[in-house]
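Undergrad: Encoded as structure tokens, here's the structure I'll be asking about.
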Amino acid sequence: MSSGYTLNKLGFDRYIEEFNFGDSDVEIDEPTRKERAREAYVEAKDIIVEIVPYVIVGVGAGAVIHGYLPGELVTQYLSGPLGVFGAVAVGVPMYTDILGVIPVVESLIGKGLPVGTGLAFMMSVAALSFPQFMILNKVMKKELIAAYATTLATGILTIGLLFNLLL
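Per numbering that gives the first Met the number 0: the sequence shown = residues 0 to 166.
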């Protein structure tokens with residue numbers, strides 16, 4: 000919230016693209032309860048079908064990590080403050096659903112990955128992925144996207160480092 004407030008006070012709202020929401024004089028019929036229930040069912044089914052492959056891949060990768068990755072490798076290369084920066088750097092280009100990343104991070108934490116590093120990785124995958132920036136490019140100018148990415152990366156790194164320090 001403080002970052003959003005600061006960006007607003009710095010005038011970054013001028014970097015929001017103009018967007019036409021359509022004709023505001025058009026009346027929209029309210030759907031019936033049965034139509035809403037049907038729409039909710041279809042939407043829920045679509046979401047489940049969309050995320051199941053990510054969950055399967057995530058669980059599979061987590062199983063491979065759990066069964067075959069030596070714990071010493073994790074603690075040697077992913078511990079310490081640089082591990083948090085590396086986790087964020089690796090998370091940005093990934094395009095996956097957060098549900099697919101959770102089993103992978105759980106397995107890595109089981110092998111000795113610090114909790115803050117795992118949390119930073121999950122947050123960077125969810126909030127800083129390139130596909131999300133492409134979507135944001137439709138409603139934000141590059142200056143606001145850069146400020147958004149910088150703000151999020153700073154917050155994610157801070158949280159990761161704090162969690163590693165406290166836990």
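All residues carry an ideal CB built from backbone N, CA and C; glycine is no exception.
Predicted model, so just to flag it, every value in this text is computed and none were measured.
Roughly how many whole angstroms lie between the Cα atoms of I50 and L143?
TA: Position 51 of the sequence shown, counting from 1, holds the residue named residue 50. Position 144 of the sequence shown, counting from 1, holds the residue named residue 143. Spanning the two alpha carbons is a distance of roughly 30 Å.
Undergrad: Do you know how far the Cα of V48 is from the Cα of F84?
TA: Taking the first residue of the sequence shown as position 1, residue 84 is located at position 85. Taking the first residue of the sequence shown as position 1, residue 48 is located at position 49. Roughly 33 Å separates the two Cα atoms.
Undergrad: Could you tell me the boundaries of the alpha helix (DSSP H) in which K44 lies?
TA: Working through the sequence shown from its first residue, we reach residue 44 at position 45. Taken as a continuous stretch (DSSP letters only), the alpha helix (DSSP H) holding K44 covers R32 to Y67.
Undergrad: For the alpha helix (DSSP H) containing F11, name the first residue and the last one.
TA: The count along the sequence shown starts at 1 and reaches residue 11 at position 12. First-last for F11: undefined, no H or E at that position.
Undergrad: Going along the chain, which unbroken runs of the alpha helix (DSSP H) with 4 or more residues stay wholly within the stretch 101–164?
TA: 114–126 and 129–135
Undergrad: Could you tell me whether the stretch 129–147 touches the stretch 107–120, using the rule of 3 or more Cβ pairs below 8 Å?
TA: no
Undergrad: If you run the structure through DSSP and keep just helix, strand and coil, what is P92?
TA: Locating residue 92 in the sequence shown gives position 93, counting from the first residue. DSSP places P92 in the coil class of the three-state scheme, outside both helix and strand.
Undergrad: In whole angstroms, what is the alpha-carbon distance linking E16 and N7?
TA: The residue given as residue 16 occupies position 17 in the sequence shown. The residue given as residue 7 occupies position 8 in the sequence shown. So the two alpha carbons sit approximately 15 Å from each other.
Undergrad: What separation, rounded to the nearest whole angstrom, lies between the Cα atoms of P92 and F120?
TA: Along the sequence shown, one-based indexing puts residue 92 at 93. Along the sequence shown, one-based indexing puts residue 120 at 121. Their backbone Cα atoms lie some 11 Å apart in a straight line.
Undergrad: Is the stretch 96–103 touching the stretch 115–130, taking contact as three or more C-beta pairs under 8 Å?
TA: yes
Undergrad: Would you decide whether G3 is buried or exposed? Buried here means 16 or more other CB atoms lie within 10 Å of its CB.
TA: Within the sequence shown, the letter at position 4 stands for residue 3. Classification for G3: exposed.
Undergrad: Does the distance from the C-beta atom of G57 to that of I101 stay below 8 Å?
TA: The residue you call residue 57 lines up with position 58 of the sequence shown. The residue you call residue 101 lines up with position 102 of the sequence shown. I101 sits close to G57, with the two beta carbons spaced by under 8 Å.
Undergrad: Starting from G70, trace the alpha helix (DSSP H) in both directions and tell me its first and last residue.
TA: Translated into positions along the sequence shown, residue 70 becomes position 71. Start and end: G70 to L77.
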